[in-house]
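In my numbering, the protein residues as written are 149 to 766.
This report concerns only the one structure given below.
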């Protein structure tokens, strides 16, 4: 005697070896013996033989139509499998017919809900319709995914991928058909998703791949300003006095957000007055306005070679930038300076000034440089003013105790991008232009930080202790600069922190209640978020500079290069701001010069392979 039984949701058959009433000892077709409960037996049979039974069952099951059975069975009440089998076959079912019916019921859960041992209930029509639709959807999705896999295996980008390339590259939905197909092919071909998509032509520009990744994450709504692009700026107060000075700015050729300008006015007995003039966008950007909220969300202008993402719309920048031949509202700090370059008095004013010139570094440096200064004279429209500012800057550097600052020996790099061509220029830090601008900015940020503190007005300060820089609302020494307090105030069109401090300074000068106090959420949030954003933007700028360095190496077809050892196997390549590790570099002292062979430049990973060739004489 044989049994057809259910165990762990699966139908099985076996020959009875011993019947113990409540349990049975059975032997399976393959010879395995086991003990089962008598209650799990659905029926007993003698024929056909055990070895042939399931073959006969499967043949009948294949002929059964679940749709037809569902229509034939009781719709509202539970039924037994034997009842359905008898109705279908028109007679008391044979063991094979009973097993076939049970197998179909078990394998069609969308049509029949299991209610107990051999008992089922028909699925409601609406539920069945939904389940069948879901099944068909899965079938179509599987076919679509298989088509994707076939195309990707041939490095053909499926047309449907076009609309979701950014998502697949930067933040994939791992439940999507596109990602599942991509992942399957990546696993098979041992490629990353980025590499596979590149081979399929989905990344036509390595530059755009990196740039768009940053935009995707930090500017999800795009870099435009929408309606703010053309919105007029709130009127600047008309009662501002016009200063009797001729101011000029000093900036890179590409600078459009000109925040600062300078003036030099002779005074009696050989003394003179230096004016440091800072653009005043705080006069036209009302706190909590739409424009202000936009600026507070961006927090800073983002810089990268060949591009920038401004904190403020062009219309606002054009309104407040200190452009040549323009009368501009400014916040000015005047320094009365004696003939030995000692500051004898300071005064802050809110006013308008005439900008008579926008001097650009590349043109100015041809005249205003160390060689010309050592000769004692140089030809330039503002030679007298620049000479005085230079001498004053040197005096201020001495007062700060930074005359031997090692930063003066460092090199700054500028990138000029024309189409696909990149030019990288070196410029030694600490040139006369750098020193004049940096010392005057340090002075104004230090002095205005002091004035806010003396007035009992809160501000955002930068401090440095033991090499660690942090921001806070209380003044503290900045050891790196050698000053007792330092409040960023000199770039209000490019940094939101500066805009906040400018609002506080304007309130101080007008004897008004400052817009921020020590418990102001907007100030504390802006300070916290600024540090995070400023770090992210700086890292992105460095990453894109690294990218353009690699482009330059390819452009110039450079195969060997000199480099200086920083430490261990870390080196810095000559003439470009690029640092790399050289696994083959032998042990060498920091500062040593070596020659390297370059290969394997990867613009997507922003990496290269460098191989040690020889040590060079210093």
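Ideal Cβ placement from N, Cα and C applies to all residues, glycine included.
Keep in mind that this is a model prediction, so the values were computed, not measured.
Just list the residues that DSSP pairs residue i with in beta bridges.
i, result
"residue 227", "268"
"residue 477", "500"
"residue 398", "507"
"residue 571", "564"
"residue 724", "BP columns for residue 724 are empty, so no partner."
"residue 425", "409, 480"
"residue 576", "559"
"residue 262", "268"
"residue 626", "612, 631"
"residue 750", "755"
"residue 341", "The partner list for residue 341 (beta bridge, DSSP) is empty, contrary to what the question assumes."
"residue 153", "160, 189"
"residue 166", "173"
Quick check: the Cα distance between residue i and residue j, rounded to an integer number of angstroms?
i, j, result
"residue 468", "residue 478", "9 angstroms"
"residue 744", "residue 710", "6 angstroms"
"residue 544", "residue 420", "16 angstroms"
"residue 584", "residue 449", "23 angstroms"
"residue 168", "residue 199", "24 angstroms"
"residue 732", "residue 374", "52 angstroms"
"residue 413", "residue 407", "20 angstroms"
"residue 696", "residue 513", "25 angstroms"
"residue 685", "residue 362", "9 angstroms"
"residue 195", "residue 276", "36 angstroms"
"residue 623", "residue 434", "26 angstroms"
"residue 446", "residue 692", "19 angstroms"
"residue 288", "residue 324", "14 angstroms"
"residue 722", "residue 690", "17 angstroms"
"residue 713", "residue 687", "23 angstroms"
"residue 644", "residue 425", "18 angstroms"
"residue 214", "residue 269", "13 angstroms"
"residue 481", "residue 438", "30 angstroms"
"residue 752", "residue 205", "59 angstroms"
"residue 232", "residue 347", "57 angstroms"
"residue 735", "residue 526", "48 angstroms"
"residue 184", "residue 166", "11 angstroms"
"residue 182", "residue 192", "17 angstroms"
"residue 647", "residue 661", "17 angstroms"
"residue 650", "residue 657", "11 angstroms"
"residue 665", "residue 597", "15 angstroms"
What do you get for residue i, buried or exposed, if any count of 16 or more other CB atoms within 10 angstroms of its CB means buried?
i, result
"residue 417", "exposed"
"residue 487", "exposed"
"residue 629", "buried"
"residue 358", "buried"
"residue 246", "buried"
"residue 747", "exposed"
"residue 390", "exposed"
"residue 669", "exposed"
"residue 500", "buried"
"residue 476", "buried"
"residue 162", "buried"
"residue 405", "buried"
"residue 157", "exposed"
"residue 683", "exposed"
Do residue i and residue j have their C-beta atoms within less than 9 angstroms of each other?
i, j, result
"residue 619", "residue 675", "yes"
"residue 423", "residue 393", "yes"
"residue 621", "residue 653", "no"
"residue 172", "residue 250", "no"
"residue 152", "residue 243", "yes"
"residue 508", "residue 398", "yes"
"residue 484", "residue 415", "yes"
"residue 593", "residue 531", "no"
"residue 409", "residue 428", "no"
"residue 600", "residue 498", "no"
"residue 577", "residue 560", "yes"
"residue 150", "residue 227", "no"
"residue 471", "residue 459", "no"
"residue 212", "residue 248", "yes"
What residue range does the alpha helix (DSSP H) around residue i cover?
i, result
"residue 695", "669-703"
"residue 649", "644-657"
"residue 594", "580-602"
"residue 249", "243-255"
"residue 758", "It is not in any alpha helix (DSSP H) - residue 758 instead sits in the beta strand (DSSP E) that spans 755-764."
"residue 189", "From DSSP, residue 189 is part of no alpha helix (DSSP H) but of the beta strand (DSSP E) over 189-193."
"residue 280", "273-301"
Compare the C-beta of residue i with all C-beta atoms of chain B and state if any pair is closer than 9 angstroms.
i, result
"residue 492", "As a matter of chain content, chain B is missing from the structure shown, which is built from one protein chain."
Ends of the beta strand (DSSP E) at residue i?
i, result
"residue 620", "616-620"
"residue 369", "No beta strand (DSSP E) contains residue 369, which DSSP labels as neither H nor E."
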